[in-house]
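First residue of the sequence shown? That's 10 in our numbering, and the numbers climb one at a time after it. Ideal Cβ placement from N, Cα and C applies to all residues, glycine included. Quick caveat, the model's predicted, so the values are computed rather than measured. Have a look at the structure below, then the notes.
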Amino acid sequence: NTKQDHPIFIFRWLDHFLTTYFTHWFQSVKVIAEDWHGDISDDRRQPYFYGLHPHGALCMGLAVLYSSMDYIFPFQEKVRFCFAPILFWSPIFRIFCHFVGYPGSAFKSDMITLMERNIERKNERAKRNDASQPRKHEFESLALLPGGFEEASIVKIPTLETVPSSKSDDAAAQTQIPPCTERLFLKRRAGFLRLALKFGYTVRPVFIFGESFLYHNVQGGWQTRLLMNQYSIPALFPWGWKYFPLLPRPNIDMLIVIGAPVDFTHIVPLNTEPDKDQLRQCHELYVSQLSKLYDNYKERAYGPELGKVIKLEVW
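Here you go:
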C-alpha cells in the first residue's frame with residue numbers, strides 16, 4: 010500500500026498530521042519550481058534527480074519536502090528520498106518513513122539498484138513499443154542530500170554582526186561586516202552526478218533557504234569532525250528552539266526553490282557514464298548553476314539587508 014491508502018489508522022493519521030500541520034511550525038514555508046524545460050504531460054516519463062542543499066543540522070527542509078511530496082511534486086507521483094544508510098537501516102526510522110513517504114538508501118550500490126530498476130522498465134516499454142502515458146509509480150525520481158554528514162557538521166547560522174573598524178578612530182561611526190555565508194560541502198561530491206548521467210536522470214538542484222538558520226551548531230575542530238563523518242558518525246552539536254532544543258527555531262521563513270534542469274548534453278550525452286574530465290566539467294557546471302540559483306533568490310528569501318551581503322561558501 011502507498012501512504013495514501015494504508016489501512017492502519019495511526020499511519021493515515023500521521024500522514025495527515027505531517028502534511029497538514031508540520032509546515033505550520035515555521036513562520037512560513039513557500040516552494041518555487043523553476044522552468045520544467047518541457048511539456049508537463051511528459052514529466053512522468055522523465056525521472057529526475059533532485060540534489061538538495063544544504064543538509065542543515067537535522068534536515069528540516071528535506072522533511073518538509075518528504076512529508077508534503079504529493080503537493081510539491083504534483084507531476085512526479087513518486088520521488089524516492091535517499092537517506093544515509095545508518096538511518097535507513099534503523100528499524101524505527103525506516104518503518105516511520107515507509108508509511109509517510111518513499112525512502113531509499115543513499116549507499117551507492119542501493120542507489121544503483123534503484124536506477125537500474127528504472128532502466129529495466131524503460132527497456133520493457135521500448136520492447137513493447139509502448140508510447141502510452143506511464144502508469145502511476147512506474148518510473149520514480151530520486152532526491153539526495155549530497156553534502157551528507159559533513160555538511161551537517163559545518164552548518165552555522167549566518168549573522169550580520171558588525172565589528173569596529175581598525176582603520177578609523179571613530180569605531181562607532183565606521184564598522185565592517187565579517188563574512189556572512191551559508192556553507193555547502195560540495196567540492197568533493199561528484200559521484201551523484203556520475204550515477205545520474207549514466208542512468209539517464211535529469212538533474213535539478215534544489216536550495217532550501219532558511220535551513221541554515223534553524224539550529225545553532227558548535228564551530229571548530231573541523232579536522233576531527235570531518236574524520237568522524239567519513240565513518241558515518243555525526244559530529245554536530247545542534248540546539249534549536251530555546252524551550253526544547255531538539256526542535257527547530259520556529260520564527261524562520263523557509264523558501265524551497267526547485268531549480269531548472271542542468272543541461273549537461275554539451276559535455277556528455279544522457280545515458281552515458283562521464284570520464285574523469287567530463288565529470289569535473291559537469292560538477293563545475295552544477296555548482297555554477299546552484300550558485301546562480303542562490304544569488305537569484307537570496308534577497309527574496311532573506312530580505313534586502315541580509316540578502317545583499319550573504320554568500321554561498323563551498324567547502
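In terms of alpha-carbon separation, which member of Ala-269, Pro-243, Ala-205, Gln-290 lies closest to Asn-280?
-> One-based indexing of the sequence shown puts residue 280 at position 271. Residue nearest to Asn-280 within the set Ala-269, Pro-243, Ala-205, Gln-290 is Ala-205 (criterion: CA-CA distance).
So which of Ser-114, Tyr-306, Asn-132, Arg-213 has the shortest CA-CA distance to Gly-157?
-> Within the sequence shown, the letter at position 148 stands for residue 157. When each option's Cα is compared against that of Gly-157, the closest is Ser-114.
Classification of Leu-153 by the beta-carbon crowding that lies within 10 angstroms, buried from 16 upward | Locating residue 153 in the sequence shown gives position 144, where the first residue counts as 1. Under this definition Leu-153 is a buried residue.
Closest to Tyr-303 by CA distance: which of His-292, Leu-288, Val-323, Val-212 is it?
-> Start at 1 with the first residue of the sequence shown, and residue 303 comes out as number 294. Taking each of His-292, Leu-288, Val-323, Val-212 in turn and checking the Cα distance to Tyr-303, the smallest one comes out for Val-323.
What three-state label does DSSP hand Lys-7 in the structure shown?
-> In the structure as shown, the chain begins at 10 and stops at 324. Residue 7 is therefore absent and cannot be evaluated.
For Asn-260, which three-state DSSP category applies?
-> Counting from one through the sequence shown, the residue named residue 260 turns up at place 251. Coil.
For His-46, which of helix, strand or coil comes out of DSSP?
-> Sequence index remark: in the sequence shown, residue 46 carries index 37 (1-based). For His-46, the predicted structure reports a pLDDT of 48, less than 50, and the residue's modelled location is therefore unreliable. The matter cannot be settled from this model.
Tell me the DSSP bridge mates of Trp-248?
-> Indexing the sequence shown from 1 puts residue 248 at position 239. Per DSSP, His-225.
Under 9 Å between C-beta atoms of Ile-319 and Glu-220 | In the sequence shown, the residue the question calls residue 319 occupies position 310. In the sequence shown, the residue the question calls residue 220 occupies position 211. No. Outside cutoff.
Which of helix, strand or coil DSSP assigns to Thr-171 = For this step, residue 171 is matched to residue 162 along the sequence shown. The pLDDT assigned to Thr-171 is 48, lower than 50, so where the model puts this residue is not dependable, and the model offers no usable value.
Chain-order list of residues whose beta-carbon lies under 7 Å from that of Gln-298 (same chain, five-residue window excluded) | The residue you call residue 298 lines up with position 289 of the sequence shown. Excluding the 5 residues flanking it on each side, Gln-298 has same chain C-beta neighbours closer than 7 Å at Pro-214, Gly-268, Val-271, in chain order.
Would you report the Cα separation of Lys-317 and Asn-132, rounded to the nearest angstrom?
-> Against the sequence shown, residue 317 aligns to sequence position 308. Against the sequence shown, residue 132 aligns to sequence position 123. Across the structure, Lys-317 and Asn-132 are spaced so that their CA atoms are roughly 49 Å apart.
Going straight from the alpha carbon of Pro-112 to that of Glu-282, what length do you get?
-> Numbered from 1 along the sequence shown, position 103 holds the residue referred to as residue 112. Numbered from 1 along the sequence shown, position 273 holds the residue referred to as residue 282. Distance from the CA of Pro-112 to the CA of Glu-282, rounded to the nearest whole angstrom, comes to 25 Å.
Beta carbon of Thr-211 nearer than 9 Å to that of Phe-58 = On the sequence shown, position 202 is the one that residue 211 refers to. On the sequence shown, position 49 is the one that residue 58 refers to. Yes, the Cβ-Cβ distance between Thr-211 and Phe-58 is below 9 Å.
DSSP three-state call for Pro-254: helix, strand or coil?
-> As a working note, residue 254 is residue 245 in the sequence shown. Assignment of Pro-254 by DSSP, reduced to helix, strand and coil, places it in the coil class.
Range of the contiguous beta strand (DSSP E) that encloses Ala-161 | For this step, residue 161 is matched to residue 152 along the sequence shown. Note, Ala-161: premise wrong, no beta strand (DSSP E); alpha helix (DSSP H) at 157 to 163.
Could you give the DSSP three-state label for Ala-199: helix, strand or coil?
-> Working through the sequence shown from its first residue, we reach residue 199 at position 190. In the structure shown, Ala-199 sits in coil (DSSP, three-state: anything other than H, G, I, E or B).
Selection from Pro-63, Thr-168, Met-69 that minimises the alpha carbon distance to Phe-31 = What you label residue 31 is simply residue 22 of the sequence shown in a count that begins at 1. Closest by alpha carbon: Met-69.
With 16 other CB atoms within 10 Å as the buried threshold, where does Leu-236 fall?
-> Taking the sequence shown and counting its residues from 1, one reaches residue 236 at position 227. With fewer than 16 other Cβ atoms from the protein chains shown falling within 10 Å of its own Cβ, Leu-236 counts as exposed.
Reducing DSSP to helix, strand and coil, say where Thr-281 ends up.
-> Indexing the sequence shown from 1 puts residue 281 at position 272. Look at Thr-281 here: in three-state DSSP terms it is coil, with no helix or strand label.
Measure the beta-carbon distance from Ala-7 to Tyr-224 and round it to whole angstroms, keeping in mind my assumption that it falls under 8 Å.
-> Outside the shown range of the chain, which is 10 to 324, sits residue 7, and nothing can be said about it.
Is Leu-193 closer than 9 Å to Glu-160 when the C-beta atoms are compared?
-> The count along the sequence shown starts at 1 and reaches residue 160 at position 151. The count along the sequence shown starts at 1 and reaches residue 193 at position 184. A contact, by the Cβ cut-off of 9 Å.
Going straight from the alpha carbon of Asn-238 to that of Lys-87, what length do you get?
-> Numbered from its first residue, the sequence shown carries residue 238 at position 229. Numbered from its first residue, the sequence shown carries residue 87 at position 78. The alpha-carbon separation between Asn-238 and Lys-87 amounts to approximately 30 Å.
Between Glu-314 and Val-266, what straight-line distance do the alpha-carbon atoms span, to the nearest angstrom?
-> Within the sequence shown, residue 314 is the residue found at index 305, counting from 1. Within the sequence shown, residue 266 is the residue found at index 257, counting from 1. Between Glu-314 and Val-266, the C-alpha separation is close to 20 Å.
Tell whether a beta-carbon distance below 9 Å holds between Leu-202 and Tyr-295.
-> Numbered from 1 along the sequence shown, position 193 holds the residue referred to as residue 202. Numbered from 1 along the sequence shown, position 286 holds the residue referred to as residue 295. Taking 9 Å as the Cβ cut-off, Leu-202 and Tyr-295 qualify as a contacting pair.
Contacts around Leu-123, its chain only, beta-carbon distance under 7 Å, and the 5 residues preceding and following it disregarded | In the sequence shown, counting from the first residue as 1, residue 123 sits at position 114. The answer, listed in chain order, is Arg-89, Gly-113, Leu-151.
Whose CA, out of Ala-244, Trp-231, Phe-218, lies closest to the CA of Val-38?
-> Reading the sequence shown from its first residue, position 29 is the one you call residue 38. Closest in C-alpha terms to Val-38, from the list Ala-244, Trp-231, Phe-218, comes Phe-218.
Buried versus exposed call for Leu-71 [16 or more other C-beta atoms within 10 Å across all chains shown] | Residue 71 sits at position 62 when you count from the first residue of the sequence shown. Buried.
How far does the beta strand (DSSP E) with Leu-321 in it reach, from first residue to last?
-> Numbered from 1 along the sequence shown, position 312 holds the residue referred to as residue 321. Taken as a continuous stretch (DSSP letters only), the beta strand (DSSP E) holding Leu-321 covers 320 to 323.
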